[in-house]
Amino acid sequence: MSPADDVVSDPLSQRLSRFLDPRGRTDIRFGLERITAALQTLGNPQDKIVNPIHIAGTNGKGSVAAFLRFMVQEAGLTAHVFTSPHLVRVNERIRIAGRLVTDDALVEALDAVHAANADLTYFEALTAAGFKLFAERNADVSVIETGAGGKLDSTNVMHAPAACIITHISRDHERMFGTNDVKEIACTKAGIMRSNVPVFIAEQDSAPRDALLQAACDIGAPARYMGRDFTAQWRDEVFHFEDEQGTLRTPWLGLTGEHQLANAAVACAALRSLRLPELTTDNMAAGLRETRWPARLQTLRDGPVTRKLGARVIVDGAHNPAAAQSLAREMTRIALGDGVKPAVIFAVQGVKDASAMLGHLVDGADFFVTCPLPSAGQEGGAGEDPQSLALMIENLHAHGCATASLDDALSMVAASGAKTVFICGSLYLAGAVLALNGEMPD
């Protein structure tokens, strides 16, 4: 559900509605002045959090956060986690010692935040509430994911994180940042770096790599770059990670896809840098195997959606060209196993580069069915018109058909008899499908 959908009569929705714009939608206003003032009134909880690991990047932030949480938990430790956006419930954004924040606790925190500064945006308010809750409750590690940015992201108010992570950088949110230059985007993400705080950087293309390493040098942040200071690879179908502390191996990762190699690697490197005595090679490896993160190549279990489609249904939140390229590789791999290409249900926010995304996906799909985005979106605007998407698909010499709703899209695909169905293009679409199938992230 989007924030606008949440505005009903329950206490949590009432609190959230105070941070929506007059249209009942979220507002994105970059800048740290508002949240800094609010946090000062709250006693600067962001500086009282234990072992915070700050994550920025274009793709993979949520997966890295999940790898970190599960490794910490397998060591018998606890982790607070702040991520965005949520898929079904806003509580998913804040985990207290591994568990989703309760409505009552979040209501109390949002009341305090509102009293500190009523002019915060939706994301700023939830960020401030998360920091307040994390500071008030003990945990061994805190994992903080940026929203869309870096330097001016609301999470970027911690003065001394224990470690920083930069995941893969690519084009996304071009209208928001005012640029599609990956070097400039990398410089924005590098804004989370701090002097004397190690930063762990996933493998990058040359332009963002050079920008990130230069930024780390300029600010005095010890940079640890994948492929140079730590490595990860598959050898004989076994994940091998190595850094100065030694080698870690596991026969599989809990999250599938080639792109998860780098996400697991930066998570391992950053977590090891904390040198927590409870962390061992064995329990870290177990954490990597147990990691779960919804809407990342997630195969739906039996439920209303899968029964309606009569097919294997795979939901993925890929919502930019680089993520679509990774998804396309998995679609091709699965099609080879099935002996037939999958059907694809696709919806995307209007601010995204839908044409580039579809350009990566068309070769791996049998046909596309487009639909409106099931909600206006939490942050970032409304969905692209399904007819426009269908025209883009036809211009790519593939078959696309537009529908008026997600339910209509499901009915059309069901009638086709498709063996495998991918549902992708937006985390908001993924969240709607999970809710329809009765799969609530926990």
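By the working numbering, the letter at position 252 of the sequence shown is numbered 252, and the numbering carries on one by one without gaps.
Where a beta carbon is used, it is the ideal one built from N, C-alpha and C, also for glycine.
Note that this is a predicted model, so its numbers are computed, not measured.
First through last residue of the beta strand (DSSP E) which encompasses residue i
i      : result
Val141 : 141-145
Asp119 : Neither: Asp119 is in no beta strand (DSSP E) and is coded neither H nor E.
Gly400 : 400-402
Thr370 : 367-370
Glu242 : 238-243
Phe30  : From DSSP, Phe30 is part of no beta strand (DSSP E); its letter is neither H nor E.
Backbone CA spacing between residue i and residue j [nearest angstrom]
i      : j      : result
Asp450 : Gly43  : Residue 450 is absent from the model: the chain starts at 1 and stops at 442.
Leu271 : Ser17  : 37 Å
Ala376 : Ala382 : Caution is warranted here: a pLDDT of 48 is assigned to Ala376, below 50, making its placement in the model unreliable, and no coordinate value can be reported.
Gly62  : Trp293 : 8 Å
Ile166 : Gly220 : 16 Å
Val81  : Leu110 : 17 Å
Glu108 : Ala356 : 43 Å
Arg29  : Ala432 : 26 Å
Arg249 : Thr256 : 16 Å
Val8   : Val315 : Residue placement at Val8 is flagged as unreliable, the pLDDT there being 44, under the threshold of 50; the coordinate-derived value follows with that caveat. Looking at the two C-alpha atoms, the distance is approximately 28 Å.
Phe422 : Asn117 : 42 Å
Gln214 : His360 : 31 Å
Asp6   : Arg15  : Because Asp6 sits at a pLDDT of 44, beneath the cut-off of 50, its placement in the model cannot be relied upon, and the point is left open.
Gly320 : Ala354 : Note that residue 320 corresponds to Asn in the displayed sequence, not to Gly. Between Asn320 and Ala354, the C-alpha separation is close to 8 Å.
Ser349 : Asp385 : Reading the sequence as shown, one finds Gln at residue 349 and not Ser. So the two alpha carbons sit approximately 9 Å from each other.
Gln298 : Met440 : 13 Å
Val64  : Ala264 : 6 Å
Ala112 : Thr155 : 18 Å
Glu290 : Val238 : 15 Å
Leu253 : Thr41  : 43 Å
Val141 : Leu429 : 31 Å
Leu274 : Pro161 : 11 Å
Val72  : Glu278 : 9 Å
Arg332 : Arg312 : A quick correction: the sequence has Thr, not Arg, at residue 332. Each residue's Cα considered, the two are about 15 Å apart.
Ser456 : His259 : Outside the displayed span of the chain (1 to 442) sits residue 456, for which this structure offers no information.
Lys308 : Ala324 : 26 Å
Val199 : Ala267 : 11 Å
Leu120 : Glu33  : 10 Å
Gln387 : Leu410 : 17 Å
Which listed residue (the options) has its alpha carbon closest to that of residue i
i      : options                        : result
Val182 : Asn91, Gly287, Ala322          : Ala322
Asn196 : Phe368, His159, Leu100, Arg209 : His159
Ala75  : Asp442, Gly287, Leu300         : Gly287
Leu358 : Ala328, Cys371, Val351, Asp385 : Ala328
Ala435 : Ala324, Arg89, Asp353          : Arg89
Asp363 : Lys341, Val351, Leu106, Val72  : Lys341
Ser405 : Ala430, Leu373, Gly60          : Leu373
Asp210 : Arg194, Thr291, Ile169         : Ile169
Thr280 : Glu258, Asp302, Leu300, Gln245 : Gln245
Asp366 : Val351, Phe346, Thr121         : Phe346
Asn138 : His54, Leu87, Pro45, Ala128    : Pro45
Thr420 : Glu394, Lys352, Glu330         : Glu330
Phe452 : Leu212, Pro208, Ala269         : Residue 452 lies beyond the stretch modelled for the chain, which goes from 1 to 442, so this question has no answer here.
CB of residue i within 7 Å of CB of residue j, strictly
i      : j      : result
Gly98  : Thr78  : yes
Val305 : Asn437 : yes
Lys151 : Thr188 : yes
Asp103 : Leu12  : yes
Ile192 : Tyr225 : no
Gly130 : Ile94  : yes
Thr370 : Leu396 : no
Phe368 : Gly400 : yes
Gly317 : Ala343 : no
Leu261 : Ala232 : yes
Pro52  : Ile144 : yes
Buried or exposed (CB count within 10 angstroms, at least 16 for buried), residue i
i      : result
Asp218 : exposed
Lys48  : exposed
Gly339 : exposed
Arg235 : exposed
Ser84  : buried
Gln204 : buried
Thr146 : buried
Asp243 : buried
Leu39  : buried
Arg301 : exposed
Arg228 : exposed
Ser426 : buried
Ala415 : exposed
Gly31  : exposed
Continuous alpha helix (DSSP H) stretch holding residue i: start and end
i      : result
His514 : The structure shown does not extend to residue 514, since the chain spans only 1 to 442, so no value can be given for it.
His360 : 354-361
Pro208 : 206-219
Arg307 : 304-309
Arg235 : Looking at the DSSP string, Arg235 is not in any alpha helix (DSSP H); the run it does join, the beta strand (DSSP E), is 231-235.
Asp408 : 406-416
Asp338 : 321-338
Arg69  : 61-74
Any chain C beta carbon closer than 7 Å to residue i
i      : result
Gly191 : Note that chain C does not occur in the displayed structure, where there is just one protein chain.
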